[in-house]
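Remarks on the structure that follows.
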Ligand code: NAI
Ligand code: SOE
């Protein structure tokens with residue numbers, strides 16, 4: 001079993017999640033595909049980097065991400081910074097021959113995403129984009145049922161991602177509200193997770209018809225680079241403009257003839273991480289809600305008429321990834337397990353010389369779907385989704 005040295009760039013929320021995944025992955029998946037070594041962590045300043053190394057178990061730290069990318073000892077570059085740095089870091093890492101996992105959205109724009117895809121393709125390295133929610137066992141179980149034909153031909157996908165951490169107009173203007181850093185708002189930040197699941201479960205998008213809104217146009221300025229995700233309330237101090245959307249609604253036509261819709265908002269008081277989908281097929285239905293992530297609700301047309309209705313499957317050892325997780329259904333998994341599974345699948349691809357999905361090609365295609373959503377909202381019309389040039 002080989003060791004793979006990880007250089008992690010960014011020690012915020014995702015720095016924590018990815019560090020946990022590297023530490024815990026071999027505890028769940030044994031034998032591990034390879035042993036992740038937490039080698040170097042980069043942060044915005046030397047002090048932040050040293051603190052992150054101590055906290056997250058890295059051997060060394062730096063405030064210069066380029067030194068991580070150029071270090072011959074580093075095998076894997078993990079990009080967990082705000083979105084504006086993803087492309088520059090990934091392209092440099094690909095040129096240095098590193099395997100790369102980048103947080104989502106892959107980039108701020110489809111142009112950046114295309115350049116990132118071309119760089120990893122040219123370098124021949126393993127690449128992944130961290131849309132981790134599809135690795136929730138119940139979501140993978142939905143995929144298994146669909147592939148087995150258990151709900152027949154898919155007719156309709158209804159997805160949501162509803163949050164309220166920034167519904168208060170006095171929560172700060174973090175990087176997530178600035179187009180130059182984030183690229184877009186609820187669209188790139190949260191709707192993309194559901195777009196990834198829709199592509200995973202149903203297939204390619206052909207057309208969209210969308211509405212984008214910005215309900216809160218200015219917020220109190222925030223000191224510091226890390227996003228406090230609504231845990232800090234603003235003062236009476238100066239405010240700055242929000243130049244991204246905070247809500248997106250889109251209708252979808254899929255290439256296989258199915259239809260659907262996705263709604264994502266940052267203004268849904270009472271909703272926290274409300275990622276849901278309801279899929280109707282010609283032979284049954286599947287319902288998922290991430291806030292009850294150990295459960296999948298299913299209803300099959302073949303069920304006897306007098307007892308037809310949704311029933312709840314609790315995911316456990318017999319379900320996808322279950323053998324590596326906990327021994328009894330409904331013991332419960334958390335956000336961390338989705339990242340541990342993601343690390344496992346990424347390291348497996350590296351160890352076996354294979355590929356992993358979702359990868360930069362998927363991230364690039366999702367960026368093109370985002371483009372179509374923006375164009376549709378601007379033109380108030382159905383817009384064709386351009387296929388990625390792979
Ligand atoms: P954050 O704001 O908590 O952390 C970002 C960190 O990057 C900060 O600590 C900041 O100091 C650091 N940073 C900034 N410039 C840097 C530089 N030049 N060199 C090294 N470090 C630098 O942000 P968060 O929530 O961790 O988001 C990071 C990425 O992860 C984003 O792309 C975001 O969209 C994505 N994300 C994905 C999630 C998922 O469920 N897959 C969940 C949360 C975020
Ligand atoms: C904030 O909306 C956020 O942290 C997103 O950036 C993540 O992608 C999501 O999974 C959790 O919420």
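Residue numbers (UniProt numbering): 1 to 390. Ideal placement from N, C-alpha and C gives every residue a C-beta, glycine not left out. Source: prediction; values computed, not measured.
Please state whether the Cβ-Cβ distance between residue i and residue j is less than 9 Å.
i, j, result
"residue 332", "residue 152", "no"
"residue 304", "residue 243", "no"
"residue 325", "residue 137", "yes"
"residue 383", "residue 132", "no"
"residue 192", "residue 263", "no"
"residue 316", "residue 301", "no"
"residue 286", "residue 277", "yes"
"residue 102", "residue 90", "yes"
"residue 108", "residue 87", "yes"
"residue 212", "residue 164", "no"
"residue 288", "residue 127", "no"
"residue 79", "residue 9", "yes"
"residue 370", "residue 166", "no"
"residue 41", "residue 11", "yes"
"residue 251", "residue 260", "yes"
"residue 342", "residue 135", "yes"
"residue 125", "residue 98", "yes"
"residue 96", "residue 70", "yes"
"residue 372", "residue 207", "yes"
"residue 63", "residue 85", "no"
"residue 186", "residue 265", "yes"
"residue 279", "residue 83", "no"
"residue 267", "residue 154", "no"
Using the C-alpha atoms, what's the distance from residue j back to residue i?
i, j, result
"residue 344", "residue 33", "7 Å"
"residue 396", "residue 28", "Nothing can be reported for residue 396, as the shown portion of the chain is limited to 1 through 390."
"residue 1", "residue 340", "18 Å"
"residue 39", "residue 189", "28 Å"
"residue 310", "residue 298", "5 Å"
"residue 46", "residue 139", "40 Å"
"residue 205", "residue 258", "9 Å"
"residue 183", "residue 327", "42 Å"
"residue 307", "residue 282", "18 Å"
"residue 24", "residue 14", "15 Å"
"residue 226", "residue 148", "43 Å"
"residue 270", "residue 162", "9 Å"
"residue 200", "residue 379", "28 Å"
"residue 319", "residue 141", "7 Å"
"residue 68", "residue 60", "10 Å"
"residue 120", "residue 238", "42 Å"
"residue 254", "residue 202", "8 Å"
"residue 118", "residue 387", "15 Å"
"residue 158", "residue 232", "33 Å"
"residue 220", "residue 230", "11 Å"
"residue 294", "residue 31", "25 Å"
"residue 123", "residue 113", "15 Å"
"residue 16", "residue 55", "9 Å"
"residue 375", "residue 81", "27 Å"
"residue 66", "residue 74", "12 Å"
"residue 389", "residue 106", "16 Å"
Secondary structure at residue i, three-state DSSP: helix, strand or coil?
i, result
"residue 122", "helix"
"residue 346", "helix"
"residue 378", "helix"
"residue 116", "helix"
"residue 239", "strand"
"residue 267", "coil"
"residue 142", "helix"
"residue 108", "coil"
"residue 247", "strand"
"residue 103", "coil"
"residue 233", "coil"
"residue 5", "strand"
"residue 132", "helix"
"residue 278", "strand"
Practice task
Please confirm if the segment 365-381 is in contact with the segment 343-356, defined as three or more CB-CB distances below 8 Å between the two stretches.
Solution key: no
Exercise for the section: List in chain order: all unbroken beta strand (DSSP E) runs of 3+ residues lying wholly within the segment 151-227. Expected result: 154-162, 205-213, 218-220
Practice task
Check whether the segment 167-178 touches the segment 353-361, taking contact to mean three or more Cβ pairs, one atom from each stretch, closer than 8 Å.
Solution key: no
Problem - Whole beta strand (DSSP E) elements within the segment 14-94, 3-residue minimum - result: 35-42, 60-62, 76-79
Problem - Unbroken stretches of the alpha helix (DSSP H), 4 residues or longer, contained in the segment 293-372 - result: 335-352
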